[in-house]
Amino acid sequence: MNSMAMLRSWGTAAFDFGTIIPESRLLSQGDSRRSRALPSSRVWASFGASSRAEAERTPAMTQPEPGLIELRASPLFRHLPEPVLAGILPAVSRRVYLRGQRIFQQGEPAAGFFVIIFGRVKIQLSAGSGKEQVLHFFCAGDSFGEAAMLAGGSFHAEAVAMERTRVAFVPAEVFERELRERSEFVRQVMASMARRLLEFSHLIEDLSTREVKARLACYLLREGGAQRGLTLPVGKGELALLLGTTAESLSRALRTLSERGAIAVEGKRITLLDPDALLELAGE
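Just so you know, we're using numbering that gives the first Met the number 0 here: the sequence shown kicks off at 0 and counts up by one.
Here's what the structure looks like:
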């Protein structure tokens, strides 16, 4: 099986995972965290007149085009030579979405994939009743939509901006050209797809076999086990959706683990005080 055929097979497998979560697991949407705008600064505010004059006499270095910097933020493109990225750039379009706007819908043809320049995106399955199951959260530098594009079909889930978000859209023909011509690009894509498949398998196992406290313990160990703690990347309402529960049930689970001395919670910061207790609860 050649690289392209293998990736198409993986893309199909990734979306097979997305279609077997039962509708009974889909839950109402939680609240989202508001984005914060970063304040601008004045470059010369801390320099004297002599420093400014000296800098103005120094020849300016050639800066990469902003679009190249944006693409390099994604691991998929990080190792491609600049001339190659420059050749890709004209075909790439940039789009801005506000909080709650859909980037693509379930059933929409997968004509390409997306790289997040800034902001956050959630991938979710929605039921006709308005309930949903979050499959993944993505942030700046992440890419999404590759699996559906490689499978050659349509998106099996929907992507929604969680705050003001800018994405770069890479058409399928550009992606496939790089797959044919560059082995390093193939390796990066395969590594990304393998991680996604593993994450989806964990999600399905958690939703199918574990209670809320056990799902929470698994999540905390996966995301913060090495550092013995983590800062939640999303609000508790959104984390509840990812874990297939309600915000109220998640709060009770956090309180229980805290009372048992397994964790300490301070706002969004969670410290793992007793990883062994979490492992036992997770059944691992």
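Backbone N, C-alpha and C define an ideal beta-carbon position, used for all residues, glycine too. Here the structure is a predicted model, which means the values were calculated and not measured.
I need the DSSP call for residue 265, collapsed to helix, strand or coil. strand
Excluding the 5 residues flanking residue 36 on each side, which residues of the same chain have their C-beta closer than 7 Å to its C-beta? Residue placement at residue 36 is flagged as unreliable, the pLDDT there being 37, under the threshold of 50; a coordinate-derived value is accordingly withheld.
Opposing strand residues paired with residue 96 [DSSP bridges]: 164
Within 9 Å, strictly: CB atoms of residue 259 and residue 211: no
Could you give the DSSP three-state label for residue 108: helix, strand or coil? strand
Here's the rule I'm using: 16 or more other beta-carbon atoms within 10 Å means buried, otherwise exposed. How should residue 73 be labelled? buried
Of the residues 104, 177, 130 and 133, which one's Cα is nearest the Cα of residue 153? It is 104.
Does the beta-carbon of residue 262 have 16 or more other beta-carbons within 10 angstroms, so that it is buried, or is it exposed? Per the 10 Å Cβ criterion, buried.
Please state if the CB of residue 101 and the CB of residue 84 are separated by a distance shorter than 9 Å. no
Going by CA-CA distance only, name the one from 278, 266 and 158 that's closest to residue 214. 278
DSSP puts residue 158 in a beta bridge; with which residues? 103 and 122
Using a threshold of 9 Å, state whether the C-beta atoms of residue 281 and residue 209 are closer than that. yes
Considering only the alpha carbon of each residue, which of 226, 234 and 188 lies closest to residue 148? 188
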